[in-house]
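Under our numbering, residues 8 to 220 are what the sequence shown spells out, in order.
We put the CB at the ideal spot given by N, CA and C, even for glycine.
These numbers come from a predicted model, not from an experiment.
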Amino acid sequence: MIRVLLADDHGVIRDGLGRLIAGLDDIELVGTAADGHEAVARAAELEPDVVLMDLDMPGMDGIEATRRVLEGHPRIAVLVLTSFSDRARILGAVEAGACGYLLKDVEAEEVADGIRAAARGESPIDPRAARAIISAKSQPDPGDGLSAREGEVLALLVEGLPNKLIARRLEISEKTVKTHLTAIFRTLGVTDRTQAALWAERNGFTARRGGGA
Numbered sequence: 008m009i010r011v012l013l014a015d016d017h018g019v020i021r022d023g024l025g026r027l028i029a030g031l032d033d034i035e036l037v038g039t040a041a042d043g044h045e046a047v048a049r050a051a052e053l054e055p056d057v058v059l060m061d062l063d064m065p066g067m068d069g070i071e072a073t074r075r076v077l078e079g080h081p082r083i084a085v086l087v088l089t090s091f092s093d094r095a096r097i098l099g100a101v102e103a104g105a106c107g108y109l110l111k112d113v114e115a116e117e118v119a120d121g122i123r124a125a126a127r128g129e130s131p132i133d134p135r136a137a138r139a140i141i142s143a144k145s146q147p148d149p150g151d152g153l154s155a156r157e158g159e160v161l162a163l164l165v166e167g168l169p170n171k172l173i174a175r176r177l178e179i180s181e182k183t184v185k186t187h188l189t190a191i192f193r194t195l196g197v198t199d200r201t202q203a204a205l206w207a208e209r210n211g212f213t214a215r216r217g218g219g220a
């Protein structure tokens, strides 16, 4: 019997997947979690064979939850089941250690087959996610497009500094900081400071020193 923990912040999804799993002879739902923190705690408590992990959850997202689950219990297979098909999230989940990536618009039987494949040590990947992974391997790291100064601004953003302190630290104006941030967001393909900081964390970004204002 394959023991599954389901992590999703939407009760309707948890109920629907719970009914799906309840109708299977070889898969058992041993617990649920409504956010990333709970997913990590429940995985440690229950030690399931597979964690079916959503990505967009409050408090701690599914990517960070995946990383923490596998740090403590590397034998658990984390299978992402989400509505997000953007490249950054797919790569973030894979880099965190997820064994597979399915989208929520798949058929119920595909979810069941994905759970079985994950439990066997395989990597069930939705074709749309697979294309993003293959594309990423053939493309340069977006961070390579940052100037040295933009790298310094991004590093200070990751430290949590507001624009005023970034300007003071780098001895440039706040307007220049905002200009750099706009360029950084465009280069990384993100829309705000939080997403930029998450990108930096997931990609092990280290600022390149030097460069002009």
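With 16 other CB atoms within 10 Å as the buried threshold, where does residue i fall?
i: P301; result: This structure gives no information on residue 301, because the portion of the chain shown stretches from 8 to 220.
i: V101; result: buried
i: V19; result: exposed
i: R193; result: exposed
i: T73; result: buried
i: T39; result: buried
i: T198; result: exposed
i: G79; result: exposed
i: R49; result: buried
i: D93; result: exposed
i: G158; result: buried
i: A29; result: exposed
Taking residue i as the reference, give the member of the options with the closest Cα.
i: D133; options: A105, L168 and T189; result: A105
i: M64; options: D93, A46, D16 and L205; result: D16
i: E114; options: L205, I9, L12 and L24; result: L24
i: S45; options: L110, G69 and I140; result: Note that residue 45 is Glu in the sequence shown here, rather than Ser. Considering only alpha carbons, the answer is G69.
i: A103; options: V76, A124, R127 and A119; result: V76
i: R135; options: V184, D112 and R156; result: D112
i: R209; options: G30, V184 and E71; result: E71
Could you check how far apart the C-beta atoms of residue i and residue j are, in whole angstroms? I think they sit under 8 Å.
i: G121; j: G107; result: 6 Å
i: L204; j: V165; result: A quick correction: the sequence has Ala, not Leu, at residue 204. Rounded, the Cβ-Cβ distance is 5 Å, consistent with contact.
i: V37; j: L53; result: 5 Å
i: R138; j: I9; result: Between I9 and R138 the Cβ distance is about 28 Å, and since that is not below 8 Å, they are no contact.
Just how far apart, CA to CA, sit residue i and residue j?
i: R26; j: I34; result: 11 Å
i: D32; j: F91; result: 29 Å
i: I97; j: S130; result: 13 Å
i: V87; j: M60; result: 5 Å
i: T189; j: W206; result: 15 Å
i: A95; j: M67; result: 17 Å
i: L116; j: V11; result: Correcting the residue type first, residue 116 is Glu in the shown sequence and not Leu. Taking the straight line joining both Cα atoms gives about 16 Å.
i: V58; j: L177; result: 44 Å
i: S154; j: I191; result: 9 Å
i: K171; j: L195; result: 22 Å
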